[in-house]
Amino acid sequence: MVSRVVTRLLVHVEGQTEESFVGQLLRPHLIGGFGYTDVSARLLGNSRQRSRRGGARSWTAVRQDIVRHLRQDPNARSTTMVDFYGMPQTGDRAWPGRAEANAVPFDQKAAVVQVAIADDIAAEVDGSKGRFLPYVVMHEYEGLLFSDPERFAEAIGSRDSAGEFRAIRSAFHTPEEINDSPLTAPSKRVESLFPGYQKPLMGTIAAQRIGLGPIRAECPYFDKWVESLELWGL
Numbered sequence: 502m503v504s505r506v507v508t509r510l511l512v513h514v515e516g517q518t519e520e521s522f523v524g525q526l527l528r529p530h531l532i533g534g535f536g537y538t539d540v541s542a543r544l545l546g547n548s549r550q551r552s553r554r555g556g557a558r559s560w561t562a563v564r565q566d567i568v569r570h571l572r573q574d575p576n577a578r579s580t581t582m583v584d585f586y587g588m589p590q591t592g593d594r595a596w597p598g599r600a601e602a603n604a605v606p607f608d609q610k611a612a613v614v615q616v617a618i619a620d621d622i623a624a625e626v627d628g629s630k631g632r633f634l635p636y637v638v639m640h641e642y643e644g645l646l647f648s649d650p651e652r653f654a655e656a657i658g659s660r661d662s663a664g665e666f667r668a669i670r671s672a673f674h675t676p677e678e679i680n681d682s683p684l685t686a687p688s689k690r691v692e693s694l695f696p697g698y699q700k701p702l703m704g705t706i707a708a709q710r711i712g713l714g715p716i717r718a719e720c721p722y723f724d725k726w727v728e729s730l731e732l733w734g735l
């Protein structure tokens, strides 16, 4: 009898909210029935940055983290969960494909960045395309939470905002299309309606209250990523 290959997955994330999302929603789902023996998140950057509230780092620094992991653990697989919004576009901090994504339709933006990231890592690590699957959140983590405006509002202690959250959601075909300007990005909309919003704590509670299933049903790019991870582990 041939023994099954051990499948470990590391998810590179930008902040504590995404770290908690991986640990509390994604990990039990993937380990529960899709062949993974371990699923864990790693904040991009060193442990001193755990006190920060996330935020996109320069691609040069992020690349070093990802390449280091792929080389240190050649039997593990790796992915990312990083926001499109706020991703540096110019200068020495720029992420691959981010500036180019501005010129393509919405349904191509994530793919442009993800392909460029994969190609850049492949230039550093032989065989990485079979072990590294980048994912870019459109447009940012809070967009996923608009999958259920009522539960989102309730979870953060702002039931009175449910109607306004619902109106925001209804203005877009999917929650992932809620846009990325400094005034209208998902988190900015939430903060304008509920100034007490605390992302690391409330963002995690809201995701737990909503659940993975409703988010997948409302957010096709997120769903495609999770489906890819499911198939990867089998």
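In the numbering used here, the protein residues as written are 502 to 735. Even for Gly, the Cβ is constructed at its ideal location relative to N, Cα and C. Treat the numbers as computed from the prediction; the structure is a model and nothing was measured.
Please determine whether the Cβ atom of A577 lies at a distance below 8 Å from any heavy atom of the ligand ZN. Questions concerning the ligand ZN fall outside what the structure shown contains, since it holds no ligand whatsoever.
Ends of the beta strand (DSSP E) at H513? 508-514
Quick one: using the 10 Å Cβ neighbour count with 16 as the cut-off for buried, is V638 buried or exposed? buried
Restricting to Cα atoms, I'd like to know which of A656, P597, G536 is closest to R564. P597
According to the Cβ coordinates, are L571 and S629 closer than 9 Å? yes
Can you name, in chain order, every residue of its own chain whose Cβ lies under 6 Å from the Cβ of A617, other than the five neighbours on each side? P597, G598
What would DSSP say about T591, mapped onto helix, strand or coil? coil
Taking 8 Å as the threshold, find out whether the stretch 709-716 comes into contact with the stretch 642-650 through three or more Cβ pairs. yes
Under the three-state DSSP convention, the category V605 falls into: coil
Among S559, N576, T508, P575, which one has its Cα closest to the Cα of D584? S559
So, under 8 Å CB-CB, Y642 and T518 are touching, yes? Tell me the CB distance rounded to an integer number of Å. 6 Å
Between which two residues does the beta strand (DSSP E) containing T538 stretch? 537-544
How would you label P676, buried or exposed, when you count the other beta carbons within 10 angstroms and need 16 or more for buried? buried
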